[in-house]
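With full-length UniProt numbering as the guide, the letters of the sequence shown map in order to residues 1 to 182. One structure is given here, and the rest of the page talks about it.
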Amino acid sequence: MDVGRRIRADHGHTREGHRPPDLGHGAVLEPLSRQSFPDALLQNPQTESVSALKDGFLANHFSSVHPGSVIINLASSGFMAYSSDKQNPILPRLFAVVDDIFCLFEGHIENVAHLKQQYGLNKTANEVIIVIEAYKTLRDRGPYPADQVMRDIQGKFTFILFDGATKATFIAFDADGNVPLF
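Below, the structure written as structure tokens:
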């Protein structure tokens, strides 16, 4: 499989035997599930029997390692954590929430002016707002395939977006995978 652009989404359900569709141009839509993470990451190293997500163990550990970090509790959907530690000034890390859509973006979009015009955004909109608007277009005004929306975004980036209304998670990388997810 081409490791280029990867897109992952979770709509709170998976069908047994369902294979994610190939979106072309190296993009793949995959459900996020427990199988996406090795068991070692999901176990508390102190007891080896308690899930790292239970009682916010993983989020608390993250905040202890990264003082000044921001932790967003998404109730039964999990947590999002953000830290400005070790931030690359060329590939900044941005966070925004719009209409119950949470997005953590890292990188740089080269065609910002074009995308602002395409989505009718004001001059102060930054990369993370553009990603949220692109997602809302995909969700609300479809039927745009995910790879079509992502193809319009040019640059070096990665992002994680969580839609609180639909409980969907959308994770994407630029076509070359230039920016690591973590």
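All residues carry an ideal CB built from backbone N, CA and C; glycine is no exception.
| Asked | Found |
| --- | --- |
| For residue 153, three-class secondary structure by DSSP | coil |
| Three CB pairs or more closer than 8 Å across the stretch 115-128 and the stretch 165-175 | no |
| Span of the beta strand (DSSP E) around residue 130 | That residue, residue 130, is in no beta strand (DSSP E); its alpha helix (DSSP H) goes 127-140. |
| Inter-residue spacing [alpha-carbon to alpha-carbon] between residue 103 and residue 64 | 22 Å |
| C-beta contact flag for residue 109 and residue 155 at 8 Å | yes |
| Cβ neighbours of residue 66 in the same chain (closer than 7 Å, five flanking residues each side left out) | 83, 85 |
| Cα-Cα separation, residue 88 to residue 165 | 32 Å |
| Buried/exposed call for residue 38, threshold 16 Cβ in 10 Å | Note that residue 38 scores a pLDDT of 47, beneath 50, so its modelled location is shaky and nothing firm can be said. |
| Residue 113 classed as buried or exposed, judged by whether at least 16 other C-beta atoms fall within 10 angstroms | exposed |
| For residue 111, the nearest candidate out of 131, 95, 61, 59 (CA to CA) | 131 |
| Alpha carbon of residue 49 to alpha carbon of residue 72, nearest angstrom | Confidence is the limiting factor: at residue 49 the pLDDT is only 39, short of 50, which leaves the residue's position unreliable, though a coordinate-based value still follows. Cα to Cα, residue 49 sits roughly 25 Å from residue 72. |
| C-alpha gap between residue 157 and residue 101, whole angstroms | 18 Å |
| Check whether residue 94 and residue 153 have beta carbons under 8 Å apart | no |
| Option in 127, 138, 148, 151 with minimal Cα separation from residue 163 | 138 |
| Three-way DSSP call (helix, strand, coil) for residue 97 in this model | strand |
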